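A quick write-up on the structure given underneath.
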Amino acid sequence: MPTLGSLPADKPELELTLVAPGSAPAASREVTGVLTVTPELLLEGGVPATLPEGSLILITGADSFVLRGRITTVLDLLLKRMSRDASVGLVVRVAPGARRPFPQAVVDEAARLSIPLLITTAAAETWEGVHEEIQRLRLTLAERRATQLGALVQELPTQLADPRALQRIVDWLARVLEAQVLVSEPERVLVAAPATAAEHLAQAVIRQSVDGATAQGACGPHTQLVSLSPVSAADTVLAVARRTPFDEADLRLLRYAAKLLGLVDQATREYRAASDASRAARTAAFELLLDGEVAKARRVMANLAPGLLEAETARVFVIETQPGRQDATVRRCDAAMGRHSIVVSDRNNDRRVLIAHPIPAGHDISSAVSDELTSLVHALGPHCSLGGSGIYSMGLLADALHEAITAQKFAALQPDSVALSVHASELVTLLPQPEAQHWARYLLVPLMEDPGQWRSVREALPTALAHPYTVAARRLQLHRNTIQRRVARAAELLRMNLNSVSDRIAVALAMELVTQREASAPPHPPTSGAPRLTQLLAAPQVRAWSETLLKPAQEDRRDLLTTAQTWLSFDTHVEPAARQLELSEVTVRSHLRALEKHMQRDFRTLTGVRDLMFSLHVVEGRPITTSDQQCEPLRAA
Numbered sequence: 001m002p003t004l005g006s007l008p009a010d011k012p013e014l015e016l017t018l019v020a021p022g023s024a025p026a027a028s029r030e031v032t033g034v035l036t037v038t039p040e041l042l043l044e045g046g047v048p049a050t051l052p053e054g055s056l057i058l059i060t061g062a063d064s065f066v067l068r069g070r071i072t073t074v075l076d077l078l079l080k081r082m083s084r085d086a087s088v089g090l091v092v093r094v095a096p097g098a099r100r101p102f103p104q105a106v107v108d109e110a111a112r113l114s115i116p117l118l119i120t121t122a123a124a125e126t127w128e129g130v131h132e133e134i135q136r137l138r139l140t141l142a143e144r145r146a147t148q149l150g151a152l153v154q155e156l157p158t159q160l161a162d163p164r165a166l167q168r169i170v171d172w173l174a175r176v177l178e179a180q181v182l183v184s185e186p187e188r189v190l191v192a193a194p195a196t197a198a199e200h201l202a203q204a205v206i207r208q209s210v211d212g213a214t215a216q217g218a219c220g221p222h223t224q225l226v227s228l229s230p231v232s233a234a235d236t237v238l239a240v241a242r243r244t245p246f247d248e249a250d251l252r253l254l255r256y257a258a259k260l261l262g263l264v265d266q267a268t269r270e271y272r273a274a275s276d277a278s279r280a281a282r283t284a285a286f287e288l289l290l291d292g293e294v295a296k297a298r299r300v301m302a303n304l305a306p307g308l309l310e311a312e313t314a315r316v317f318v319i320e321t322q323p324g325r326q327d328a329t330v331r332r333c334d335a336a337m338g339r340h341s342i343v344v345s346d347r348n349n350d351r352r353v354l355i356a357h358p359i360p361a362g363h364d365i366s367s368a369v370s371d372e373l374t375s376l377v378h379a380l381g382p383h384c385s386l387g388g389s390g391i392y393s394m395g396l397l398a399d400a401l402h403e404a405i406t407a408q409k410f411a412a413l414q415p416d417s418v419a420l421s422v423h424a425s426e427l428v429t430l431l432p433q434p435e436a437q438h439w440a441r442y443l444l445v446p447l448m449e450d451p452g453q454w455r456s457v458r459e460a461l462p463t464a465l466a467h468p469y470t471v472a473a474r475r476l477q478l479h480r481n482t483i484q485r486r487v488a489r490a491a492e493l494l495r496m497n498l499n500s501v502s503d504r505i506a507v508a509l510a511m512e513l514v515t516q517r518e519a520s521a522p523p524h525p526p527t528s529g530a531p532r533l534t535q536l537l538a539a540p541q542v543r544a545w546s547e548t549l550l551k552p553a554q555e556d557r558r559d560l561l562t563t564a565q566t567w568l569s570f571d572t573h574v575e576p577a578a579r580q581l582e583l584s585e586v587t588v589r590s591h592l593r594a595l596e597k598h599m600q601r602d603f604r605t606l607t608g609v610r611d612l613m614f615s616l617h618v619v620e621g622r623p624i625t626t627s628d629q630q631c632e633p634l635r636a637a
């Protein structure tokens, strides 16, 4: 790389002469490029706002100018700008034999700012391409240096908590230098490559006293010791031995490696200390939240994450990962959202990670956090799953955790391994397979025996069961009478009353199960051996789902569940239900609206009513009545 001192010798054709030396160290400064300006440009456009660091400023055309008057003022400003931007020198082109072009005031200012002044008598054409040549040389040297150090840098860990970072660097160094390498402290060996290096180098480390960051000593003609202490703040030594001598390039590589090893060692120690303290504090805060001690949890987190727990509400998420991956999952979750959440390991389950995400009042409750966690779980692999809770007050996070754990169990049954809340979980995905398929096909046997009839039914029946006939006709672009005839024919074949809510729910569920799994009718529908629907609903995950749906309603001081069961027994008609309950119709409707809010279901939809009916059956033991023996599996056991 050319310097201000070497450039005249390297490029004699430039005819550079030093007029005012500026300062002694200036000759050793590297020239990074040449910036050419003219007096006209300086007078008309002014001094450039910024100058490239290390540049040599060349003024051409000055031989037709007298550097006096206004140009002197501009030169004074240029010198100040050069000093600010660390330019290496100012060159003025003059005619051969011309006297020194710089006024004394400019010389004095350059001396004050330690900027060398030079002149050149070479033609402007001679300077053409000098800048580009310097840039090419800089690029060549940079590539060479990058090649030398790139491989070493590649060995740096992507995470400070990587326990094998030191070993990988030492392995690489042993391979490149064809040497034995050891990193040790006074009382123990940290890493060695190969494993036998500790035996060969231990005595060398014991006998040799290493002083300073780059202190080197020889316990033999081809042994080098380098202290890592100034970087790592520990009495750590890098020892390297081989059969052949070390050249300057090898020694330079050792020094670079020692710095990297020292930095990795120091960073790992500090990270572990900080991480252990942070993890302990976060775990304590999480446990306090589960105990309802919100104020104490806020005090614990006050210095670690100011304001994090000031919110009054939060969601809880649970990730279940593979055995042995709990710590790694905690680190990835913490890196992704640790500033906005508390991420801890579950002490009661070594595969589970717990996350509390506070939601400040007035903030947009977007899907950003759940999307981030969903992406993370998918990246962790097929054996991981994610469950989430609804929004709870800070004092009820134990309930939120229970819901999130339940949702995570559901998530293991979902195709994408995610259930962001129990309320959002679909009953169809929780029913045990293939028993649910068997039940559904058995129920639909009369419709499936004729393939042509099945194609017609599967097209219209799900929509017709879920909506009034007029709405279904509009959605299917069929006449209302066509819809009515198809439903009547299906009811006749099934020997069911499809005006009954329970029968409609049963058929709709069976249709959903079958149409989700196949594009056409199965060639041989089952004719016997079908399980009861009550057996399907007895699955543990369905019970957990039902209990979570109804729990808020059970805590309501009003008897919402009795109102709901009576309303269902009258096929969702409010008037007879109100008479039976001896309540006003307004009160019944108020109870149903409250129950909708608790369950997060819309009772105007058949799916919402279905979830209410089945959860009441599972939790309260309320009977489900139907009008036909073909639906015998629907009756309470």
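In full-length UniProt numbering, the protein residues as written are 1 to 637.
Ideal Cβ positions, reconstructed from N, Cα and C, are used throughout, including at glycine.
Quick caveat: nothing in here was measured; it's all calculated off a predicted structure.
- A Cβ-Cβ contact shorter than 8 Å links Gln326 with Val353.
- Between the segment 615 to 622 and the segment 565 to 577 there are three or more inter-stretch CB-CB distances shorter than 8 Å, so the stretches are counted as touching.
- Pro358: member of the beta strand (DSSP E) spanning 352 to 359, first to last residue.
- Beta-bridge analysis with DSSP links Glu185 to Arg188.
- With fewer than 16 other Cβ atoms from the protein chains shown falling within 10 Å of its own Cβ, Asp371 counts as exposed.
- According to DSSP, residue pairing for Ser55 in a beta bridge involves Gly33.
- Counting every other CB atom within 10 Å of its CB across the protein chains shown gives Arg29 a total of 16 or more, marking it as buried.
- At a Cβ-Cβ threshold of 8 Å, Glu320 and Ser385 count as neighbours.
- Boundaries cannot be given for Glu426, as no alpha helix (DSSP H) includes it and DSSP labels it neither H nor E.
- DSSP places Ile391 outside both helix and strand once states are collapsed to three, so it counts as coil.
- Per DSSP, Val240 lies in no alpha helix (DSSP H) segment; the continuous beta strand (DSSP E) that holds it begins and ends at 237 to 241.
- Membership of Ser569 in the alpha helix (DSSP H) is indicated by the continuous run 560 to 569.
- A contact between stretches requires three or more CB pairs, one per stretch, nearer than 8 Å, and the segment 38 to 49 meets this requirement with the segment 69 to 82.
- Contact between Ser83 and Ile115 is confirmed by a C-beta separation of about 6 Å, below the 8 Å threshold.
- Where Arg557 is concerned, there is no enclosing alpha helix (DSSP H), because DSSP gives it neither an H nor an E.
- If you look at Ile624, you'll find it isn't in any alpha helix (DSSP H); DSSP assigns it neither H nor E.
- Each of Pro415, Ile505, Arg486, Phe102 was checked against the Cα of Leu443, and the nearest Cα belongs to Ile505.
- By the CB criterion at 8 Å, Leu263 and Pro432 fall outside the cutoff.
- Taking 8 Å as the cut-off, the beta carbon of Arg604 is found no closer than this to the beta carbon of Leu612.
- Only buried fits His131, as 16 or more other CB atoms lie within 10 angstroms of its CB.
- When only Cα atoms are considered, Val107 and Ile71 end up about 14 Å apart.
- Within 10 angstroms of the beta-carbon of Leu16 lie 16 or more other beta-carbons, which makes it buried.
- Take the alpha-carbon of Gly292 and the one of Thr463: they are about 47 Å apart.
- By alpha-carbon distance to Arg455, the top candidate from Leu430, Ala490, Gln484, His467 is Ala490.
- Burial is judged here by how many other beta carbons sit within 10 angstroms of a residue's own beta carbon; Ser584 has fewer than 16 and is exposed.
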